[in-house]
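**Q** If you read the protein sequences in the order shown, they are chains A and B.
Heads up: the first sequence begins at 1 in my numbering, then just goes up one per residue.
Heads up: the second sequence begins at 1001 in my numbering, then just goes up one per residue.
Where a beta carbon is used, it is the ideal one built from N, C-alpha and C, also for glycine.
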Amino acid sequence: MKSGRVKLPGQIERYTFSERVVHWIAGGGYVYLLLSGLAFFSSHFYWLASLLGGGLAARVWHPWVGLLFVIAVVWMHHIWRRDMRLTEADRAWSKALWHYIRNEDSNVPPAGRFNTGQKQFFWLMYFGGILLLVSGLILWFTEYVPWNWRAVRSFAVLVHVVVALLTVGGFIVHIYMGTLVVRGGWGAITQGTVSETWARAHHRLWWNEITGDATAKNDSLLLEPTDRTS
Amino acid sequence: MAGGTLELRRISASKSPAPGIRQMPTVTKYIDTTTCIGCKACEVACQEWNDLPAETTVQIGTYQTLPDMTANFWNLIRFAEYENGGLHWLMRKDQCMHCEDPGCLKACPAPSAIVQYMNGIVDFQQDHCIGCGYCITGCPFNIPKFHNKTKKVYKCTLCVDRVAVGLEPACIKACPTGCLQFGTKSQMVQLAHHRVEQLKNQGYSQATVYDPPGVGGTNVITVLAYGDRPDAYGLPRNPTIPLAVRLWKDVLQWLGNLSIVGGLIIAALHYLRFGPKAVKEEAQAAESGDEI
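Next up, the structure:
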């Protein structure tokens, strides 16, 4: 199933059923990994383990859920790698990041199916997931690492901590943007559909592509700070 | 797995102070490698007192019981041949060193799974252990051993249950040559220095007491005849808690926690200042017009 079909008048399919399923396997898995991982990371967060049935259960399940998460992310890579490719247009978008943050969207170049921030988040989770898997396997089977190879253990601890923290940063931005900032994002990733206006406003190049309308008009449909004050 | 709450000096993964208020002298095990005859009585005594099952061994071509300690075997006489003009057999009793600043306890993420008593004994509390193995990474002496069936970690307890009732550890009790002694740290250090003087007078000019300062000293101190070569006995020259564990616990933990809280605050402030990306009213109206 390819996204982009018009389902109801004015409604466009943004994510297919299988795209939503894989997103939520990864998302649900990540939340578990975050809560249990924070408990192991710092004693300030150990109480989180009690939400997951205690430290022992969290310790047992964390690596298995980690495997599930990496499988989901690799699957996402399989279905989205073309849409996620960073292009020349993304460089221009990155330069306008400050405008995007300040909701000055008429100064932000139009985005394709995914905007640059979404692409960067995807690649952070993809490469981060691989590094977390490799270091995590060493930590999972730490007792089998020979004494003369103990530097590998130290290295794994550092990689796992640093990469995990980077993904937490990306995760906070992702949740905040997807639920509070870009209204309609939640409906897109749960119900699968967005309005035509939403598609034109947030992902104009994608909308042009699926409607076959090549005239990329540059009028932003989003409210600007100046619109509010006037 | 014994000893009272009032005797806890340090607790793993706990920000609040440990509840120990009882004053106790630091206890120390003294090991003299120069008078050890390698009889393994201490190994047997350890197995018997702690009621540990026998381990199947393999022939490794030396006078050593097992290649390494295991979760069921906490006390190993290490054997090494050392050439220094002549050939010397080195026998060193290996077990947990009961560091003053234990790397295992620092690395442990489970509250109360590793404790240090007022008398300096470092003990694993298996009922709080989550089996993550970070203590294995934290230990500079390769001591904690993971049990594949119980998924917990084990090591020498310094016979905390015997010491608590005024007895000496089982290995000390069994030693036939007196190369193992037990007492307060100051007594044992005094005894060790006396022995080092004797050795120096006998021509062992490099004789020394192994009590490494990198881990704050250990409550197992070892007299070495060839003190310039601790590595010949299988001892690290200057053991410290691994850098990765110190970076994690002393730097990254604070950095990470502050960044997470900071990120949430920034997101909240952003929402209050800029709010959502809203579609213009006229565009919205045009759309609903289409639909109706």
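If we count Cβ pairs, one from each stretch, closer than 8 Å, do we get three or more for the stretch 163 to 173 of chain A versus the stretch 147 to 154 of chain A?
**A** No: the two stretches stay apart, fewer than three of their Cβ pairs being nearer than 8 Å.
**Q** Does A/Asn107 have its Cβ less than 9 Å from a Cβ in chain B?
**A** It does not; no Cβ of chain B falls within 9 Å.
**Q** What is the rounded straight-line gap between the Cα of A/Ile71 and the Cα of A/Leu165?
**A** Spanning the two alpha carbons is a distance of roughly 20 Å.
**Q** First and last residue of the alpha helix (DSSP H) that includes B/His1128?
**A** From DSSP, B/His1128 is part of no alpha helix (DSSP H); its letter is neither H nor E.
**Q** Mapping the DSSP letters down to three states, classify A/Tyr32 as helix, strand or coil.
**A** Three-state result, A/Tyr32: helix.
**Q** Which residue's Cα is closest to the Cα of A/Val145: B/Lys1149, B/Lys1155 and B/Tyr1134?
**A** Among B/Lys1149, B/Lys1155 and B/Tyr1134, the Cα nearest to that of A/Val145 is on B/Tyr1134.
**Q** Quick one: what does DSSP say B/Ala1107 is sitting in, helix, strand or coil?
**A** DSSP places B/Ala1107 in helix when its eight states are reduced to three.
**Q** Since B/Leu1191 and B/Tyr1030 should fall inside the 8 Å C-beta cutoff, what is the C-beta to C-beta distance between them, to a whole number of angstroms?
**A** The pair is a contact, with the Cβ atoms about 6 Å apart (cut-off 8 Å).
**Q** Would the stretch 1219 to 1228 of chain B and the stretch 1086 to 1104 of chain B be scored as touching if the rule is three or more Cβ pairs under 8 Å?
**A** A contact exists between the stretch 1219 to 1228 of chain B and the stretch 1086 to 1104 of chain B.
**Q** Counting pairs of beta carbons, one from the stretch 109 to 127 of chain A and one from the stretch 1117 to 1134 of chain B, are three or more of them closer than 8 Å?
**A** Flag = no, the stretch 109 to 127 of chain A and the stretch 1117 to 1134 of chain B do not touch.
**Q** Where are the alpha helix (DSSP H) runs, 4 residues long or more, that stay fully inside the stretch 1183 to 1217 of chain B, in chain order?
**A** Correct list: 1185 to 1201.
**Q** Could you round the C-beta distance between B/Tyr1210 and B/Pro1242 to whole angstroms and report it? I think they count as a contact, below 8 Å.
**A** Contact flag wrong, Cβ pair sits at about 19 Å.
**Q** If you measure between the beta carbons of B/Ala1110 and B/Cys1096, is that distance less than 9 Å?
**A** Contact flag unset, no.
**Q** Starting from B/Gln1095, find everything on chain A with Cβ-Cβ shorter than 9 Å and list it in chain order.
**A** The premise fails here: B/Gln1095 is roughly 16 Å from chain A at the closest Cβ pair, so nothing lies under 9 Å.
**Q** In whole angstroms, give me the CA-to-CA distance for A/Trp64 and B/Thr1137.
**A** About 21 Å.
**Q** Consider the Cβ of B/Ile1114: report whether some Cβ of chain A lies at a distance smaller than 9 Å.
**A** It does not: the Cβ of B/Ile1114 has no partner Cβ on chain A nearer than 9 Å.
**Q** For B/His1088, which residues does DSSP report across the bridge?
**A** DSSP output for B/His1088 lists B/Tyr1082 as bridge partner(s).
**Q** Using CA atoms only, rank isn't needed, just tell me which of A/Arg82, A/Gln11 and A/His62 is closest to A/Trp123.
**A** The option with the nearest alpha carbon to A/Trp123 is A/Arg82.
**Q** Looking only at its own chain, which residues have a Cβ that is under 7 Å from the Cβ of B/Thr1070, when we skip the five neighbours before and after it?
**A** So the qualifying residues of the chain are Glu1055 and Lys1145.
**Q** Which residues mark the beginning and the end of the alpha helix (DSSP H) in which B/Arg1273 is found?
**A** Taken as a continuous stretch (DSSP letters only), the alpha helix (DSSP H) holding B/Arg1273 covers Gln1253 to Arg1273.
**Q** Can you tell me the Cα-Cα spacing of B/Pro1270 and B/Ile1260, whole angstroms?
**A** The question names Pro, yet the displayed sequence has His at residue 1270 of chain B. Straight-line Cα distance between these residues: approximately 15 Å.
**Q** What are the boundary residues of the alpha helix (DSSP H) that A/Glu13 is part of?
**A** Unbroken run through A/Glu13 is the beta strand (DSSP E), Gln11 to Glu13; no alpha helix (DSSP H).
**Q** At 8 Å on the CB atoms, spell out the chain B contacts of A/Asp227, in chain order.
**A** Within 8 Å Cβ-Cβ: Lys1280.
**Q** Please list the residues of the stretch 23 to 52 of chain A that have a C-beta atom closer than 9 Å to any C-beta atom in chain B, keeping them in chain order.
**A** Listed by position along the chain: Leu38, Ala39, Phe40, Phe41, Ser42, Ser43, His44, Phe45, Tyr46 and Ala49.
**Q** Taking DSSP's pairing of strands, which residues face B/Arg1010 in a bridge?
**A** For B/Arg1010, which the question treats as bridged, DSSP gives the partners B/Gln1116.
**Q** Comparing the C-beta of B/Asp1290 with each C-beta of chain A, is any distance below 9 Å?
**A** With a pLDDT of only 49 at B/Asp1290, under the threshold of 50, the placement of this residue in the model should not be trusted; the figure read from the coordinates follows. For B/Asp1290, the answer is yes, since a Cβ of chain A falls inside 9 Å of its Cβ.
**Q** Would B/Tyr1154 pass as an interface residue toward chain A - the criterion being a Cβ-Cβ separation below 9 Å?
**A** No, B/Tyr1154 lies away from the interface with chain A (no Cβ there is under 9 Å from its Cβ).
**Q** By the three-class DSSP mapping on this structure, what secondary structure does B/Gln990 have?
**A** The question about residue 990 of chain B has no answer here: the residues shown for chain B are numbered 1001 through 1292.
**Q** Along the stretch 87 to 115 of chain A, what residues have a CB closer than 7 Å to any CB found in chain B?
**A** Listed by position, the residues of the stretch 87 to 115 of chain A near chain B (Cβ gap below 7 Å) are Arg102, Asn103 and Asp105.
**Q** Are the stretch 1040 to 1051 of chain B and the stretch 1071 to 1085 of chain B touching by the rule of at least three beta carbon pairs closer than 8 Å?
**A** Result yes; three or more Cβ-Cβ pairs closer than 8 Å.
**Q** Within 9 Å of any Cβ in chain A, is that where the Cβ of B/Gln1253 sits?
**A** Chain A, which has a Cβ nearer than 9 Å to the Cβ of B/Gln1253, makes this yes.
**Q** If we count the other Cβ atoms within 10 Å of its Cβ and call it buried at 16 or more, is A/Leu132 buried or exposed?
**A** Per the 10 Å Cβ criterion, buried.
**Q** Flag A/His287 as yes if its beta-carbon sits less than 9 Å from any beta-carbon of chain B, otherwise no.
**A** This structure cannot speak to residue 287 of chain A, because chain A is shown only from 1 to 230.
**Q** Can you tell me whether A/Thr193 is buried or exposed, with buried defined as 16 or more other CB within 10 angstroms of its CB?
**A** Label assigned to A/Thr193: buried.
**Q** Apply the 10 Å Cβ neighbour rule to A/Val21 and answer buried if 16 or more other Cβ atoms are within range, or exposed otherwise.
**A** Flag for A/Val21 reads exposed.
**Q** Below 9 Å between beta carbons: does that hold for B/Val1215 and B/Gly1131?
**A** No.
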